[in-house]
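Taking it in order: structure first as structure tokens, then the write-up.
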């Protein structure tokens, strides 16, 4: 028995550093036994780690968790009670319980943790169980404490998070998507390349068949055949972005946020995305989180920083993750908040440049002469344009379409902040201020391509 520790709380902290270095092996239990809170099953789970192999679990309780912090569209949604739970274990001979997080997720995240969660890589919570079953996959990971929520980060903490992101990218430098997906018996890669599609480019007919509704309603006119041929697996996403572009043009733009110059820049990239995609394809690839905005970070008392929710992990240039962080940074991720009740913090050009410098200096320290600092900086505008196109224009298609007509939309946007709450579909004042900055940066980036 592990009775010589000061307390089980101390053990719960130490297990992040003293985790089993052996590869994850099949367990004599299944996920359903763990979900039923079977103490014997949880004891078997702990027995995989030498430090806890003699510990006996005497009782297990659980509680539902909800993701309520705001996040950019397509990046994270609220998890319902049956999908994200905390399991609290009472241990024989220990006064303090320990806890784990069990999450129902997609195959991408389950395979990610199968490959990289045991032993855990940089910024990755330790994974104790991974069950691959499509969108009914499950993982059991460490319950990483968030002692310093992102809304209260100090400048040195932001620098530390960015440096951790750079080290995580350096650890999987020149990662190849084919290597990750080999041997799993699937036609489509589970952890995909951000752009390349194993079956080759979409044909116009194939895209029309898979996205018939969008073609029938007209936004396909904003996406050229040339774009489809060069967009790889992003073609359906660019088609949805084209849908958002058509919707916003029909509404006459968004006063103070999205003017004709912004819409014209988006239309030009949807017609010919090669100037945006080519700089990204020229960079070395790494393992990407896919949505590393501040709400997905957990910072502990020991200056450790972890990324949660790897369901959008993919292979691509690290600049995509960096831009996703930079664009998400102004959103303060407060509990019980959403995109219509926002507090913002300022993202100045100086602050952004400081964070980019921190990332590149850390990358150089890890990689030495292999670090592509100059090409990385040159690709920042391309990464920003792609991020905005794939994040916000599809969102406009679903959200702004609720506006009954152009006249109502323009009238709502003339209201002051105190009047906006009377309109259910009105844009929140915080969202309006935030997106004004997003599209100002987007326009300047598009001019740099």
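Numbering (this note's numbering), first residue to last: 64 to 512.
Every residue, glycine too, gets a C-beta built ideally from N, C-alpha and C.
Item: Given residue 221 as reference, the closest of 340, 417 and 439 once Cα atoms are compared; Value: 417
Item: Length at least 4, wholly inside the region 144–197: the alpha helix (DSSP H) runs in chain order; Value: 170–179
Item: Beta-carbon gap between residue 150 and residue 362 smaller than 8 angstroms; Value: no
Item: Where residue 127 falls: helix, strand or coil (DSSP); Value: strand
Item: Candidates 111, 100 and 389: closest to residue 126 by CA position; Value: 100
Item: Endpoints, the alpha helix (DSSP H) within which residue 225 is located; Value: 218–234
Item: Pairwise C-alpha distance: residue 461 and residue 447; Value: 22 angstroms
Item: For residue 170 and residue 145, the rounded distance between their alpha carbons; Value: Reliability of the predicted coordinates at residue 145 is poor, the pLDDT of 49 falling under 50, and the value obtained from them is presented with this limitation in mind. Using only the alpha carbons, I get a separation of about 17 angstroms.
Item: Best match in 121, 122, 453 and 472 for proximity to residue 298 [C-alpha to C-alpha]; Value: 453
Item: Beta-carbon contacts of residue 499 that lie in its chain and below 7 angstroms, excluding the five residues immediately before and after; Value: 319 and 320
Item: Spatial distance of residue 260 from residue 116 (CA atoms); Value: 44 angstroms
Item: Neighbour-count burial assignment, residue 380, 16 or more Cβ in a 10 Å radius; Value: buried
Item: Range of the contiguous alpha helix (DSSP H) that encloses residue 262; Value: Run containing residue 262: none; DSSP gives neither H nor E here.
Item: Cβ shell of residue 501 (< 8 angstroms), same chain only, five flanking positions each side left out; Value: 390, 451 and 455
Item: The region 172–179 in contact with the region 192–199 per 3-pair CB rule at 8 angstroms; Value: yes
Item: Of the residues 286, 306, 472 and 504, the one placed nearest residue 411, counting alpha carbons only; Value: 504
Item: Per-residue DSSP class, three states only, for residue 205; Value: strand
Item: Where the alpha helix (DSSP H) through residue 427 begins and ends; Value: 412–430
Item: Residue 163 and residue 206 closer than 8 angstroms at C-beta; Value: yes
Item: Where residue 378 sits in the DSSP three-state scheme; Value: strand
Item: Distance between beta carbons of residue 442 and residue 342, contact taken as under 8 angstroms; Value: 4 angstroms
Item: Spatially closest choice to residue 119 from 113, 128 and 109, by CA coordinates; Value: 109
Item: Residue of 294, 293, 329 and 296 minimising C-alpha distance to residue 310; Value: 329
Item: Any chain B beta carbon closer than 8 angstroms to residue 510; Value: Absent here is chain B; the protein component of the structure consists of one chain.
Item: Residue span of the beta strand (DSSP E) that contains residue 349, given as start and end; Value: 349–351
Item: Boundaries of the beta strand (DSSP E) in which residue 394 is found, first to last residue; Value: Taken as a continuous stretch (DSSP letters only), residue 394 belongs to no beta strand (DSSP E), as it is neither H nor E.
Item: Rounded C-alpha distance that separates residue 356 from residue 388; Value: 4 angstroms
Item: For residue 354, the nearest candidate out of 153, 444, 172 and 95 (CA to CA); Value: 172
Item: Residue 366 beta carbon less than 8 angstroms from that of residue 223; Value: yes
Item: Continuous beta strand (DSSP E) stretch holding residue 211: start and end; Value: From DSSP, residue 211 is part of no beta strand (DSSP E); its letter is neither H nor E.
Item: Residue 256 - partner residues in DSSP beta bridges; Value: 378
Item: Bridge partners - residue 361, DSSP secondary structure assignment; Value: 369
Item: Inter-residue spacing [alpha-carbon to alpha-carbon] between residue 312 and residue 305; Value: 11 angstroms
Item: CA-to-CA distance, residue 271 to residue 214, given in whole angstroms; Value: 43 angstroms
Item: Neighbour-count burial assignment, residue 409, 16 or more Cβ in a 10 Å radius; Value: exposed
Item: DSSP-derived helix/strand/coil call for residue 506; Value: helix
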